[in-house]
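*Asks:*
There are 2 protein chains.
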Amino acid sequence: MKLATLKEGGRDGTLVVVSRDLARAVRVPDVAPTLQAALDDWAAAEPKLRAAAERLERGAADGAFAFDPRACAAPLPRAYQWCDGSAYVNHVELVRKARGAEMPPSFWTDPLMYQGGSDRFIGPCDPVEAISEAHGIDLEAEVAVITDDVPMAVTPEAAAGHIKLLMLVNDVSLRGLIPAELAKGFGFFHSKPASSFSPVAVTPDELGGAWRDGKVHRPLLSFINGEPFGRPDAGVDMTFDFPRLVAHAAATRHLGAGTIVGSGTVSNKLDGGPGKPIGEGGVGYSCLAEVRTVETILHGQPRTGFLRFGDRVRIEMPDESGASIFGAIDQEIVRYGGR
Amino acid sequence: MKLATLKEGGRDGTLVVVSRDLARAVRVPDVAPTLQAALDDWAAAEPKLRAAAERLERGAADGAFAFDPRACAAPLPRAYQWCDGSAYVNHVELVRKARGAEMPPSFWTDPLMYQGGSDRFIGPCDPVEAISEAHGIDLEAEVAVITDDVPMAVTPEAAAGHIKLLMLVNDVSLRGLIPAELAKGFGFFHSKPASSFSPVAVTPDELGGAWRDGKVHRPLLSFINGEPFGRPDAGVDMTFDFPRLVAHAAATRHLGAGTIVGSGTVSNKLDGGPGKPIGEGGVGYSCLAEVRTVETILHGQPRTGFLRFGDRVRIEMPDESGASIFGAIDQEIVRYGGR
């Protein structure tokens, strides 16, 4: 089942069920007005949503219409919790190396996770507003899950059953602000502005065999200004799987329904070295910080700049037939001029 | 105007207007079902809520009933954003001193702030569940504001007008988990479980002259097992006022309506030294970490333990006549036994 949220009906938008091929959608006002409302009572909502999805697939859904990702907000336009892990420890190691920071061995056994802002997510085709290019605007292509209510101290085994939906994320980062901010000791704040999400959130069964071991075994494609930038497999080199990340988030607290837990920047070590660009036959990268790190290691300094105003970022994941699973995050970086 | 949220009608509860003396309340279904809904369209909701408050004060509100804080959830039972500052830099300096951490001079000019979890707040009279006393369970008595929509890069001057409500907070902290967590570099996560809020949120005008310079000039009273523990003035030694904290939160992103911004642990330097207990004529403390720090400075090691299961914490703020402004946070620390 695939779900999306139209930008209509208020701040939380309007929940729609989307066809598998992303061509058609249908509103479901009799089931739940919003995705959060559905998640608040998922056990009751899910079978009804699946019934609507089944009607949509066989062309029997009244009021179905052509699905347009540009009409979409993030599946949860605002959420009560967004926790982002760093499950691809390869990425963490590379980025720390670039800024001369040691990596404690515990990073391979104890997940890193930060609490992100969740009050105003960016729609999949909406612009990323930033104040200055000097902030070092970067994409971070990730996969994320949405949970129902998760009890405190849940085991990873039990956490797996609380994963109800998956999405793609662009966890926009302001790299220039990170070193000073982390030096203050309280974690990210200014350096992690609003994140963007894919048009569609899907139930795990939509991924078929690609959803196994608590990971999504499909390539995550990133493009900058239409040029292929990354295609690492999200199922490879993921040190901590999603159930483990959810359990980590719930270690000392209950998680409310609609909690989003991210994978962190997807990164592979397939190349056997620090990572090659796609142009050189590698799998590329899911953020500019990583290619800059690799360049620093190889050439003594980065050669690739961060994002500029007017640049476009596209993030998408194809199924085995090449069809887009979640629809594309496709957005422009724009200067924020005040309001 | 004073507002509260009853634990009825769903996860977001039911908004009520509360009388100034906290004796009576009335539901306002014709205005807004929940506090978040009111904040989502505050310009429209505020005058209607004020009219209901005025009717309640003069005994003309149909359906008014006796107000019971034990029937309350947090004013926002769940929120889209909870950002907690550390505006009482005295507290930060003391706590860092205790763990042997340097304090950069920039801490006096650039606010510290962390992103907190906001998906499941604790009601004012509900228990604080924790897994182990060994985690070092601590209270942190604070003041917080709730904003409407705040544009990115707002000035402190303009931010002042976005402060719509004030509350008290118990920002429960697990001190034993903080050093290892901060050493990982991503900020607090396990060490900052769910926070508790006062029964009532009030508009700034309810504070009269005590709300000036963007600060609340009233003592914040904390009690542990009924014994007075702290009475520092929230208007004293607050290095960064609330408009400054809100502007800091909005530096690189828009803040959604219903964003909660906290002051951090209230701490005074009135004693001229590291801070005296109330029993010795001082203003005491708003968290155990601070008294333990002072004990370490004076005696070489802490003498006061952290909270134990069965302990009770009470946090309250009196007006000039001694009446409670926000009602009391009054809660027991309990062992979480799984679910």
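These protein sequences, in sequence, are chains D and X.
Taking the working numbering, the leading residue of the first sequence gets 827, the next gets one more, and so forth.
Taking the working numbering, the leading residue of the second sequence gets 827, the next gets one more, and so forth.
Using N, Cα and C, we set each Cβ at its ideal position, and we do this for glycine too.
Just so we're clear, the structure is a prediction, and the values are computed from it rather than from any experiment.
1. Is it buried or exposed, glutamine 907/X, if we count other Cβ atoms within 10 angstroms and call 16 or more buried?
2. By the 10 Å Cβ neighbour count, where 16 or more other Cβ atoms means buried, how is tryptophan 1037/X classified, buried or exposed?
3. May I ask you to check if the CB of aspartate 952/D is nearer than 8 Å to at least one heavy atom of the ligand ATP?
4. Using a Cβ distance threshold of 8 Å, determine whether the segment 953-972 of chain D contacts the segment 1102-1114 of chain D, with at least three qualifying pairs required.
5. Can you give me, in chain order, the residues of the segment 933-963 of chain D that have a beta carbon less than 8 Å from any beta carbon in chain X?
6. Starting from the C-beta of lysine 874/X, find all residues in its chain whose C-beta is less than 7 Å away, skip the five residues before and the five after it, and write them out in chain order.
7. Counting only C-beta atoms, is methionine 978/X closer than 9 Å to chain D at any point?
8. When the Cα atoms are used, what is the spatial distance from glycine 1108/X to proline 1128/X?
9. Please tell me whether valine 1087/D and glycine 943/D are closer than 9 Å, where the distance is taken between their beta carbons.
10. For leucine 1124/D, does the count of other Cβ atoms within 10 angstroms reach 16, so buried, or fall short, so exposed?
11. Tell me the DSSP bridge mates of alanine 1154/X?
12. Sorted by chain position, which residues of the same chain lie with C-beta nearer than 6 Å to arginine 1079/D's C-beta, five sequence neighbours on each side aside?
13. Spatial neighbours of glycine 1082/D within its chain, please: CB distance less than 8 Å, with the 5 preceding and 5 following residues excluded, ordered by chain position.
14. Classify aspartate 1039/X as buried or exposed, calling it buried when 16 or more other Cβ atoms lie within 10 Å of its own Cβ.
15. So if I threshold CB-CB distances at 9 Å, which residues from the segment 1017-1033 of chain X count as touching chain D?
16. Please report the straight-line C-alpha distance between glycine 1052/D and arginine 876/X, rounded to a whole angstrom.
17. Leaving out five residues before and five after valine 1042/X in sequence, what residues of the same chain have Cβ atoms less than 7 Å from its Cβ?
18. According to DSSP, which residues form a beta bridge with glutamate 1142/D?
19. Thinking just about the alpha-carbon of each residue, which of Leu848/X, Asp1031/X, Gly1163/X, Ala870/X is nearest to the one in glycine 1153/X?
20. In whole angstroms, give me the CA-to-CA distance for glycine 1164/D and serine 958/D.
21. Within the 9 Å Cβ cut-off, does lysine 1010/X reach chain D?
22. Consult DSSP for leucine 965/D and reduce its assignment to one of helix, strand or coil.
23. Buried or exposed: where does tryptophan 934/X fall if 16 or more other Cβ atoms within 10 Å of its Cβ makes it buried?
24. Which residue marks the beginning of the beta strand (DSSP E) containing alanine 1027/D, and which one marks its end?
25. Look at the alpha carbon of arginine 1070/X and the alpha carbon of cysteine 909/X, and state the distance between them as a whole number of angstroms.
26. Taking the alpha-carbon of glycine 1084/D as reference, which of Asp867/D, Gly839/D, Leu832/D has the nearest alpha-carbon?
27. Going by DSSP, name the residue or residues bridged to alanine 851/X.
28. Check whether the Cβ atoms of valine 921/X and glycine 889/X lie closer than 9 Å to each other.
29. Using a 10 Å radius around the Cβ and a threshold of 16 neighbouring Cβ atoms, would you call serine 1147/X buried or exposed?
30. In or out: glycine 834/D buried (at least 16 other Cβ within 10 Å) or exposed?
31. What residues in the segment 986-1003 of chain X bring their beta carbon closer than 7 Å to a beta carbon of chain D?
32. Which same chain residues, not among the five before or five after tyrosine 940/X, have their C-beta less than 6 Å away from its C-beta?
33. According to the neighbour-count rule (16 or more other Cβ atoms, all chains shown, within 10 Å of its Cβ), is serine 932/D buried or exposed?
34. Give the interface partners of glutamate 1114/X over in chain D, defined as CB-CB distance under 7 Å, in chain order.
35. Which residue spans inside the segment 1070-1123 of chain X form an unbroken beta strand (DSSP E) run of at least 3?
36. Measure the C-alpha to C-alpha separation of valine 1072/D and leucine 1000/D and round it to an integer number of angstroms.
*Replies:* This is what the structure gives:
1. buried
2. buried
3. The ligand content of the structure shown is nil, which means the ligand ATP is not present either.
4. yes
5. Phe933, Asp936, Leu938, Met939, Tyr940, Gln941, Gly942, Gly943, Ser944, Asp945, Arg946, Glu955, Ala956, Ile957, His961
6. Val857
7. yes
8. 18 Å
9. 9 Å or more divides the Cβ of valine 1087/D from the Cβ of glycine 943/D.
10. exposed
11. In DSSP, alanine 1154/X forms no bridge with anything.
12. Met978
13. Tyr906, Gln907, Asp975
14. exposed
15. Ser1017, Lys1018, Pro1019, Ala1020
16. 54 Å
17. Val969, Leu992, Leu1033, Ala1036, Ala1060, Gly1061
18. According to DSSP, residue pairing for glutamate 1142/D in a beta bridge involves Leu1047/D.
19. Leu848/X
20. 12 Å
21. yes
22. coil
23. exposed
24. 1026-1028
25. Distance between the alpha carbons of arginine 1070/X and cysteine 909/X is about 13 Å.
26. Asp867/D
27. Val844/X, Phe891/X
28. Not a contact, by the Cβ cut-off of 9 Å.
29. exposed
30. The sequence shown places glutamate at residue 834/D, not glycine. Under this definition glutamate 834/D is an exposed residue.
31. Leu1000
32. Asp910, Gly1013, Phe1014
33. It is exposed - the Cβ of serine 932/D has fewer than 16 other Cβ atoms within 10 Å.
34. At residue 1114/X the sequence reads leucine, which differs from the glutamate that was named. Those do not exist, as leucine 1114/X stays about 18 Å from chain D at its closest Cβ, beyond 7 Å.
35. 1086-1088
36. 26 Å
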